[in-house]
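**Student:** Residue numbers (UniProt numbering): 1 to 129. Below you'll find the structure I mean.
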């Protein structure tokens, strides 16, 4: 709380700052809707989505990228761990993980075909420790 009170001493528009931090592009909004519509949440609490090049190109995110998708997956209250599998131009998938217990995000390059069940097992093992 002391940090917040210290920040309040500076003269700038807090409302405008909050609006800037919370604003997304129309393209990002469309991707967010797609993610929530097409994500898979397992009984064990593993929430994931696979985004192919075709899907990504249809949203035309440009420089904005997909990094904002990982936190979206963790907003689901039943999600204990989550992953976004994003196809790269070379054909492999980049996997971005999040985990509720450890408050972490891990970025991996997966050079083989996406094996959702393997990733789910690994994250469930982490959750048990």
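Built from N, CA and C at the ideal position, the CB exists for glycine as well.
Less than 8 Å between the CB atoms is what I'm expecting for residue 51 and residue 79, so what's the real figure, rounded?
**Tutor:** Taking the chain shown and counting its residues from 1, one reaches residue 51 at position 51. Taking the chain shown and counting its residues from 1, one reaches residue 79 at position 79. Rounded, the Cβ-Cβ distance is 17 Å, inconsistent with contact.
**Student:** Return the CA-CA distance between residue 11 and residue 3, expressed in angstroms with no decimal places.
**Tutor:** Counting from one through the chain shown, the residue named residue 11 turns up at place 11. Counting from one through the chain shown, the residue named residue 3 turns up at place 3. Residue 11 and residue 3: Cα-Cα distance of roughly 15 Å.
**Student:** Any idea what DSSP makes of residue 41, helix, strand or coil?
**Tutor:** Within the chain shown, the letter at position 41 stands for residue 41. Residue state, collapsed to three classes: strand.
**Student:** Using beta-carbon positions only, say whether residue 48 and residue 82 come within less than 8 Å of one another.
**Tutor:** Sequence index remark: in the chain shown, residue 48 carries index 48 (1-based). Sequence index remark: in the chain shown, residue 82 carries index 82 (1-based). Result yes, Cβ atoms of residue 48 and residue 82 sit closer than 8 Å.
**Student:** Under 8 Å between the Cβ atoms of residue 86 and residue 66?
**Tutor:** Sequence index remark: in the chain shown, residue 86 carries index 86 (1-based). Sequence index remark: in the chain shown, residue 66 carries index 66 (1-based). Yes. Within cutoff.
**Student:** Ends of the alpha helix (DSSP H) at residue 55?
**Tutor:** As a first step, residue 55 is located in the chain shown; it is residue number 55 there, counting from the start. Element bounds for residue 55: 53-59.
**Student:** Using a 10 Å radius around the Cβ and a threshold of 16 neighbouring Cβ atoms, would you call residue 7 buried or exposed?
**Tutor:** In the chain shown, the residue the question calls residue 7 occupies position 7. Result: exposed.
**Student:** Looking at the unbroken beta strand (DSSP E) that takes in residue 87, where does it start and where does it end?
**Tutor:** Looking up residue 87 in the chain shown gives position 87. Segment 81-87, the beta strand (DSSP E) holding residue 87.
**Student:** For the alpha helix (DSSP H) holding residue 74, just list the boundary residues, first then last.
**Tutor:** Stepping through the chain shown from its first residue, residue 74 is reached at position 74. DSSP places residue 74 inside the alpha helix (DSSP H), whose first and last residues are 69-74.
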